[in-house]
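Worksheet: the structure to be examined is printed underneath.
Protein chains: 2
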Amino acid sequence: MAALAAVSVGTASKALNGRGSMRPETRQRVREAAERLGFRASAAARSLQAGRTYTVGMITTDSIGRFSIPVMLGAEDSLGAGRMSVFLCDGRDDPIREQYYLDTLLSRRVDGIIVTGRRAQPRPPVRANLPVPVVYAFISSTDPDDCSVLVDEADGATKAVEHLLAIGRRRIAHVSGPEHHQSAATRCTTAAGRLAGAGLEFAAPPMFGEWSEAWGRHAAGTLLANGHDFDAVFCGSDQIARGVADGLRAAGRRVPDDVALVGFDNWDVMAMACQPPLTSVDMDLEGVGRAAADMLLAAINGQPAPGRHYRPCRLVARESTAVTVRPAPGTAPAPPDRLAAQPRT
Amino acid sequence: MAALAAVSVGTASKALNGRGSMRPETRQRVREAAERLGFRASAAARSLQAGRTYTVGMITTDSIGRFSIPVMLGAEDSLGAGRMSVFLCDGRDDPIREQYYLDTLLSRRVDGIIVTGRRAQPRPPVRANLPVPVVYAFISSTDPDDCSVLVDEADGATKAVEHLLAIGRRRIAHVSGPEHHQSAATRCTTAAGRLAGAGLEFAAPPMFGEWSEAWGRHAAGTLLANGHDFDAVFCGSDQIARGVADGLRAAGRRVPDDVALVGFDNWDVMAMACQPPLTSVDMDLEGVGRAAADMLLAAINGQPAPGRHYRPCRLVARESTAVTVRPAPGTAPAPPDRLAAQPRT
DNA sequence: TTGAAAGCGCTAACAC
DNA sequence: GTGTTAGCGCTTTCAA
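Quick note, the sequences are listed as chains A and B, same order. According to this note's numbering, the first sequence is numbered sequentially starting from 1. According to this note's numbering, the second sequence is numbered sequentially starting from 1001.
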């Protein structure tokens, strides 16, 4: 390639990288030769001498799933803009596999590592004394000094409750996932606290179960069967909320007229397919990924930001809470979903 | 590191790679020194001299989505086992971005490239005359000589229809996605053909719409309103099927007793949350990814397998078709979902 | 059995 | 303005 343009390799390098000063015509000639040959500088050779690979590793501790994907996409987005390439590593919930990936990444001399996963529960650091910066995204490390970018779930729960209060609901129930699950606990406690701040409490004891529609349906049935008087349900997930919606409708309750509903996750396909479309708390997982990537880049450039960083949630209002003032009984608004076969009403 | 073990770099290299012959004690000494120092050979240096990076690129032509993810995971799985690392590139439906990624991958000297995406529709080759092997996974290239691993959707449709026939249904309707969408067309045509083979035809003209629950609900309503006589619906997707299920139930039809339902995709969360749980066609996307990775590895090793390779589907039977012999009217089996609030029946 | 040296492809420092 | 050279970290060949 240098030969084709009849210059030395050094000159060719400078020409292609816009470094040094040289006759414009030479630069042009080199560029054309490179173009003609489809020449592309070898990243390996380059990083060998630069001591930097412009490469980062992304490890999921558990399998890649619904939550880690948006995080990864956000990170990839931010990283790609900075011309960094991303190594994908699916930990598959297997510590051995995880450590193997870590070794691989280290021998590939990645400039940094992003660790992500499914649950908010803190996990032990991926390894002590790593020679490169690590940022935890969505999950956190048990070491509070490790850099992690987290969702402020308390903020999400607060916004959910405040939204329900704002549309005039006062008798709010809560249906969520497993009680021992940190997200369920945080959301419940925070919601209760916010209610207390308004001089209220849950309209029924909070109900814990699975993160599934089936559980939501079941819980709705139980709430009704136990004769609780409630005009809203704050649900721990969109799937649960959707189950609750179906359960309520099957029992003849109208959403949002009789009972308003707020979910959590803002999982588009769930929230939109719900009847009626579901108001939900969005954790902005892509934003989490992007923020994590930005912090990693900063750390790589010598500006680390140790500690836990919480990001706010955003409430996305849809028709499951679309009542500003409670209508007089009997004044039911038109059903929202034009395409839907009419529910029995 | 060589210094710590008091050997030359050449010896150290041999010791660590198990190459050459040497005093076992020396080998041991080197290994311990390496261990102590956390030494890991630089992949960059290694591939510089080997001319091979043990790295492949994975590009999605459109955004990374529900279909490409399992494909990617399957590929990553197969590749990881072969100690290859994977570069993740999200094309975001942007040709510029895609070409940029391609350049990056090429300059990183990946050993091969996997291209994947959302739709079955063939796409133009990602670039002509690439210096490394390329395998298309789930999508195919318009050039029939390019290696692509594809889902045999006709097989899936056939299995769906045969399953319905096997449980004694004869009046089968079809509700699917957009008519111009290749998957919708293939599935419909094949199903019609298989019915014809049994001397039957669709119980109603096939209905095309969106890949959404709302459309499914709507279509169910229309089918009923038009007075069609049908005892099964083969749906183009799980979401549509779920909408149909809801639409039928809202109109008082029982699934599977009155109408059996088969979906497509076997999207667990949809299929399981459906009432009743949905029988569906599984495209084994992870298998597609694994197969693509295996073919890429073979091509890298000089054994290319040009052309389109189709993989069969698998039917996953659940309760939406759980009737072997049609029960006498009135002999309704117990509702399947113990957790669910009872639908009105 | 071990060491020395060349060379993979590139960039940066320096000489011409 | 351009060419030469050293050296990034490794493997491999060949000599000792």
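Cβ atoms here follow ideal geometry from the backbone N, Cα and C, with glycine treated the same way. The model shown is predicted, which means the values in this text are computed figures rather than measured ones.
Self-check item: Residue from A:TYR100, A:LEU102, A:PHE138 and A:ARG127 whose Cα sits closest to the Cα of A:ARG118
Solution: What you label residue 118 of chain A is simply residue 118 of the first sequence in a count that begins at 1. Among A:TYR100, A:LEU102, A:PHE138 and A:ARG127, the Cα nearest to that of A:ARG118 is on A:PHE138.
Quiz item: So which residues on chain A does B:ARG1040 lean against when the C-beta distance must stay under 8 angstroms?
Solution: Here residue 1040 of chain B is taken as the residue at index 40 of the second sequence, counted from 1. Identification of chain A residues near B:ARG1040 by a Cβ-Cβ cut-off of 8 angstroms yields ASP103, LEU106 and SER107, ordered along the chain.
Exercise. Label A:ARG83 either buried or exposed according to how many other C-beta atoms from any shown protein chain fall within 10 Å of its C-beta, with 16 as the threshold for buried.
Key: For the purposes of this step, residue 83 of chain A is identified with residue 83 of the first sequence, where counting begins at 1. Taking a 10 Å sphere around the C-beta of A:ARG83, we find fewer than 16 other C-beta atoms and assign the residue as exposed.
Quiz item: At a cut of 8 angstroms, does the segment 63–71 of chain A reach the segment 115–131 of chain A through at least three beta carbon pairs?
Solution: With a cut-off of 8 angstroms, the segment 115–131 of chain A and the segment 63–71 of chain A count as touching, because enough Cβ pairs lie within range.
Quiz item: Is the segment 199–211 of chain A in contact with the segment 168–183 of chain A, if contact means three or more CB pairs nearer than 8 angstroms?
Solution: The segment 199–211 of chain A, when compared against the segment 168–183 of chain A, does touch it at the 8 angstroms Cβ threshold.
Quiz prompt | Outcome for A:PRO276 when other beta-carbon atoms lying within 10 angstroms are tallied against a minimum of 16 | solution = Taking the first sequence and counting its residues from 1, one reaches residue 276 of chain A at position 276. Counting the other Cβ atoms within 10 Å of the Cβ of A:PRO276 gives 16 or more, which makes it buried.
Practice problem: State yes or no: is the beta carbon of B:ALA1043 nearer than 9 angstroms to at least one beta carbon in chain A? | Solution: The residue labelled residue 1043 of chain B in the question sits at position 43 within the second sequence. Yes, because at least one Cβ of chain A sits closer than 9 angstroms to the Cβ of B:ALA1043.
Practice problem: Please confirm if A:VAL86 has its CB atom under 9 angstroms from at least one CB of chain B. | Solution: Indexing the first sequence from 1 puts residue 86 of chain A at position 86. Yes, A:VAL86 counts as interfacial toward chain B.
Quiz item: In the structure shown, what three-state DSSP assignment does B:TYR1310 receive?
Solution: Here residue 1310 of chain B is taken as the residue at index 310 of the second sequence, counted from 1. Strand at B:TYR1310.
Exercise. Would you verify that the beta carbon of A:CYS235 is, or is not, closer than 9 angstroms to some beta carbon of chain B?
Key: Taking the first residue of the first sequence as 1, we reach residue 235 of chain A at position 235. Not closer than 9 angstroms to any Cβ of chain B, the Cβ of A:CYS235 fails to qualify, so no.
Self-check item: CA-to-CA distance, A:ALA291 to B:HIS1019, given in whole angstroms
Solution: Your numbering for residue 1019 of chain B matches position 19 in the second sequence. Your numbering for residue 291 of chain A matches position 291 in the first sequence. Correcting the residue identity first, residue 1019 of chain B is Arg in this sequence and not His. Near 45 angstroms, if we compare the C-alpha coordinates of A:ALA291 and B:ARG1019.
Quiz item: For A:SER141, does the count of other Cβ atoms within 10 angstroms reach 16, so buried, or fall short, so exposed?
Solution: Working through the first sequence from its first residue, we reach residue 141 of chain A at position 141. Buried, since its Cβ has 16 or more Cβ neighbours within 10 Å.
Quiz prompt | For B:GLU1201, the nearest candidate out of B:ALA1225, B:HIS1218, B:PHE1234 and B:GLY1216 (CA to CA) | solution = The count along the second sequence starts at 1 and reaches residue 1201 of chain B at position 201. Shortest Cα-Cα distance from B:GLU1201 to any of B:ALA1225, B:HIS1218, B:PHE1234 and B:GLY1216 involves B:PHE1234.
Practice problem: Along the beta strand (DSSP E) that carries B:THR1116, what are the first and last residues, could you check? | Solution: In the second sequence, residue 1116 of chain B corresponds to position 116, counting from 1. Where B:THR1116 is concerned, the enclosing beta strand (DSSP E) starts and stops at 1112–1116.
Quiz item: Closer than 7 angstroms, Cβ to any Cβ of chain B: which residues of the segment 255–289 of chain A, in chain order?
Solution: Those residues of the segment 255–289 of chain A that come within reach of chain B (Cβ to Cβ, closer than 7 angstroms) are ALA273.
Quiz item: In whole angstroms, what is the alpha-carbon distance linking B:GLU1286 and A:ALA192?
Solution: Counting from one through the second sequence, the residue named residue 1286 of chain B turns up at place 286. Counting from one through the first sequence, the residue named residue 192 of chain A turns up at place 192. Taking the CA atoms as reference points, B:GLU1286 sits about 43 angstroms from A:ALA192.
Quiz prompt | Inter-residue spacing [alpha-carbon to alpha-carbon] between B:SER1085 and A:VAL30 | solution = As a working note, residue 1085 of chain B is residue 85 in the second sequence. As a working note, residue 30 of chain A is residue 30 in the first sequence. Those two C-alpha atoms are separated by around 33 angstroms.
Quiz prompt | Pairwise C-alpha distance: A:GLN239 and A:ASP152 | solution = Walking along the first sequence from the start, residue 152 of chain A turns up at place 152. Walking along the first sequence from the start, residue 239 of chain A turns up at place 239. Taking the straight line from one Cα to the other gives about 20 angstroms.
Practice problem: Pull out every residue of the segment 1185–1203 of chain B whose Cβ sits closer than 8 angstroms to any Cβ of chain A, in chain order. | Solution: Flagged: no residues at all.
Self-check item: Pairwise C-alpha distance: B:ALA1305 and B:ALA1299
Solution: Translated into the one-based positions of the second sequence, residue 1299 of chain B becomes position 299. Translated into the one-based positions of the second sequence, residue 1305 of chain B becomes position 305. B:ALA1299 and B:ALA1305: Cα-Cα distance of roughly 7 angstroms.
Quiz item: What residues from chain A crowd round B:ASP1093, counting only those whose CB sits closer than 7 angstroms?
Solution: As a first step, residue 1093 of chain B is located in the second sequence; it is residue number 93 there, counting from the start. Correct list: empty, because the minimum Cβ distance to chain A is about 13 angstroms.
Quiz item: Of all the CB atoms in chain A, is at least one closer than 9 angstroms to the CB of B:GLN1342?
Solution: As a first step, residue 1342 of chain B must be located in the second sequence, where it is residue number 342. Confidence at B:GLN1342 is low in this model, with a pLDDT of 33, below 50, so the placement of that residue should be treated as unreliable; the coordinate-derived value is given next. Residue contact check for B:GLN1342 against chain A: a CB pair falls below 9 angstroms.
Self-check item: DSSP beta-bridge partners of A:MET207
Solution: Here residue 207 of chain A refers to the residue found at position 207 of the first sequence. Bridge partners of A:MET207: A:VAL175.
Quiz prompt | Proximity to A:ILE172 [Cα-Cα], best of A:ASN266, A:HIS228, A:ILE113 and A:ILE96 | solution = For the purposes of this step, residue 172 of chain A is taken as the residue at position 172 of the first sequence. The candidate whose alpha carbon is nearest that of A:ILE172 is A:HIS228.
Quiz item: Taking the C-alpha atoms as reference points, what is the distance between B:LEU1261 and B:VAL1255?
Solution: Taking the second sequence and counting its residues from 1, the one referred to as residue 1261 of chain B is at position 261. Taking the second sequence and counting its residues from 1, the one referred to as residue 1255 of chain B is at position 255. If you draw a straight line from the Cα of B:LEU1261 to the Cα of B:VAL1255, it comes to about 7 angstroms.
Self-check item: Positions along the segment 1135–1167 of chain B whose CB lies within less than 8 angstroms of some CB in chain A
Solution: Cβ contacts with chain A come from no residue of the segment 1135–1167 of chain B.
Quiz item: With 16 as the cutoff for other CB atoms within 10 Å, does B:PRO1133 come out buried or exposed?
Solution: Taking the second sequence and counting its residues from 1, the one referred to as residue 1133 of chain B is at position 133. When all chains shown are included, B:PRO1133 counts as buried.
Practice problem: Just confirm the distance between the C-beta atoms of A:LEU278 and A:ALA251, as a whole number of angstroms; I'd bet it's less than 8 angstroms. | Solution: Here residue 278 of chain A corresponds to residue number 278 of the first sequence, with the count starting at 1. Here residue 251 of chain A corresponds to residue number 251 of the first sequence, with the count starting at 1. Rounded to whole angstroms, the Cβ separation of A:LEU278 and A:ALA251 is 18 angstroms, and the two are not in contact under 8 angstroms.
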